[in-house]
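Quick notes on the structure that follows.
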Amino acid sequence: MKSLKKLAAIGLSAALAFSLAACSGTEKASTGTDKGKSSDKQVTLTFWAFGATGYEDLAKKYEDENPNVKIKVRAAETAEHHDALFTALSAGSGAPDITMLEIDQLDRFKVAQDRFENLYDLGAKDIQNQYLDWKWKTGENNAGDFLIGLPTDIGPKALYYRTDVFEAAGLPTDPDQVASLINSPTSFEQAGQKVKDKTGKPFVDSIEMAFRAYLDAAQETFLNPKGDLLLEKDGNAVKNAYDYAVKLNKLGIVGKFEMWSPEWANAVNKGEFAAELGAGWLKGWMEGNATEAIGKWKVATLPSEFAANWGGSFIAIPKETKHAKEAYKFAAWLVSPDNQLKSFQAKGLFPSAPSVYDMDAFKNNKDEFFGGQATAPVFAKAAQDINGAIYKGEKYFPIYQEVLNALKNVQNKGADPEKEWNAAVKRSKDLLKR
């Protein structure tokens, strides 16, 4: 769910999106005669999930509380999950009663919204005020009258930093002091320069993360809801992010550690770079995999220009279900504030229900890995600093990869940044014609 390397593979299934969109307007999936009607009879719901969510345990708890409901949870890898869902929806049969949708894939499913239940018809308006506004609106269609998914976890970003590297560079290590010092893109660069000059280590792990500093903060990136390619427009957010990454690379403060690679994991453990612009879910990976670095990382808020979300999901109900009412009742229960707290405690899924942020079990949860720091409030602040719904577009991943390839050519081959940018724009235009 979290690895770009894994998620990029989903782009290979893009062709399915076109068949899905085409059939959505002409073929109505069978819904059955008892659709939406609640009864005391035994109901079996199939639930397709991906990643390490812990939803299996919550499903068992729901079954205990609702003896007439049986929930069959199928967990898969992110790419496998979305490909299988595309195939089932395109065929008009075989889709589950309930499914997770990853935020970066959401817009590819929105083009065929009539293959899903409109959750507003099932009562979602009644719980809307329990969730962050930007997260909720991201699950709506452009007109705002169709809700494809209920909010689950989110991925607010913060500055993960090595206290030993910061100290060696003469930088503060207290989270509040770090946030006060690194409070703008310019001061971010200056801190990186100090790390390089004093320690010889890169500040940021990779050019990809340098690119995402501005990119993730944009409400629109490669495409707008009309399908226009924004890369050609002056002052577009992607070019701004691209230029910033090029600048950081030119300053010599960007490393070559590709996220999720063994080299990157070793660098996290050994402190071979100073900072990571990571989402809240990265904390869980670190706690389980960076055992040599316990007590050496802390978390601070990012500059407001970098306030962003990276990752998260929604719970949707395909139109095929014969039990829409029961499916919605379970989905709403699953993403309730109380259960979002449980998911956070069990698997680190960061809540999209802000009432959780005031719960003692959330805000006072100190992390041993981070030297006893209570990191949750840092990410909670980041989540509330995000403005507006996030739009990715159907071809987010293949276009993203074209721009990233350009940046890697700049870093690894010394290629001219403008020539690489222009070439990436051309390749992106060609992608949209296919």
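Residue numbers -21 to -1, 1 to 413, in mature numbering (1 follows the signal peptide of the UniProt record, and there is no 0), belong to the letters of the sequence shown in order.
A virtual CB, placed ideally from N, CA and C, is assigned to each residue, including glycine.
Source: prediction; values computed, not measured.
Residue i in three-state terms, based on DSSP
i	result
D346	strand
T300	coil
R141	strand
M238	coil
I161	coil
V52	strand
L126	strand
E399	helix
N120	coil
G393	coil
S292	strand
V314	coil
T178	helix
F329	strand
K374	coil
E271	helix
E96	coil
K205	coil
D36	helix
P151	coil
Q198	coil
G134	strand
Close-in-space but distant-in-sequence residues of the same chain around residue i (CB under 8 angstroms, 5 per side omitted)
i	result
K326	A31, T32, G33 and G263
L320	P330, V335, M338, A340 and F341
E42	V48, K49 and I50
L410	K374, P377, I378 and E381
V225	L386, V389 and P396
A1	Its pLDDT being 42, under 50, A1 is placed unreliably by the model, and nothing is read from it.
Residues of its chain near residue i, where Cβ-Cβ distance is below 6 angstroms and the 5 sequence neighbours each way are ignored
i	result
W49	Reading off the sequence shown, one finds Lys at residue 49, where the question assumed Trp. Once the five neighbours on either side are set aside, the close Cβ partners of K49 are T23.
S3	With a pLDDT of only 40 at S3, under the threshold of 50, the placement of this residue in the model should not be trusted; the figure read from the coordinates follows. Correct list, in chain order: A91, D93 and R94.
I82	G291
F285	A192 and A196
A394	N388
G128	L80, G118, F293, I294 and A295
E199	Y370
N215	L209
Boundaries (first-last residue) of the alpha helix (DSSP H) holding residue i
i	result
E211	Unbroken run through E211: none, as it is neither H nor E.
L24	Unbroken run through L24 is the beta strand (DSSP E), V22 to F29; no alpha helix (DSSP H).
E255	First-last for E255: A254 to A258, but that is the beta strand (DSSP E), not the alpha helix (DSSP H).
F88	L85 to K89
G263	L261 to N268
S69	T57 to A70
F358	A355 to D364
Y223	A216 to K229
Q194	What sits at residue 194 in the sequence shown is Leu, not Gln. Taken as a continuous stretch (DSSP letters only), the alpha helix (DSSP H) holding L194 covers I186 to L194.
Cβ neighbour criterion (16 or more within 10 Å) applied to residue i
i	result
Q156	exposed
K304	buried
D86	buried
S163	exposed
T270	exposed
A170	buried
Q324	exposed
L256	buried
D317	exposed
E373	buried
T165	exposed
K212	exposed
A122	exposed
E146	exposed
K371	buried
G259	buried
L(-15)	Low per-residue confidence applies at L(-15): pLDDT is 37, beneath 50, and the placement is therefore not dependable enough to give any value.
E399	buried
P204	exposed
First through last residue of the beta strand (DSSP E) which encompasses residue i
i	result
W276	W276 to A279
I77	I77 to E81
Cβ-based neighbour list, residue i, same chain, cut-off 7 angstroms, excluding 5 preceding and 5 following
i	result
Q172	L230 and I232
A158	A279 and T280
G234	P181, V183, D184, S185 and F252
T78	W27, L64, A295 and P297
K275	R141, T142, D143 and G250
P282	I161, N162, S163, P164 and F167
K177	A147, A148 and G149
V52	F26, A28, Y34, E35 and A38
Q404	The residue asked about is misnamed: residue 404 is Val in this sequence, not Gln. So the list reads L210 and E211, once near-sequence residues are dropped.
8 angstroms Cβ cutoff, residue i in contact with chain C
i	result
A137	The displayed structure is made up of one protein chain only, and chain C is not part of it.
Exercise. Is the number of C-beta pairs between the stretch 215 to 230 and the stretch 179 to 194 that are closer than 8 angstroms three or more?
Worked result: yes
Exercise. Would the stretch 368 to 383 and the stretch 294 to 310 be scored as touching if the rule is three or more Cβ pairs under 8 angstroms?
Worked result: no
For this session: Could you say if the stretch 53 to 69 and the stretch 360 to 368 meet the contact criterion of at least three C-beta pairs nearer than 8 angstroms?
Result: no
For this session: Determine contact between the stretch 348 to 359 and the stretch 134 to 153, defined as no fewer than three beta-carbon pairs at a distance below 8 angstroms.
Result: Segments in contact, yes.
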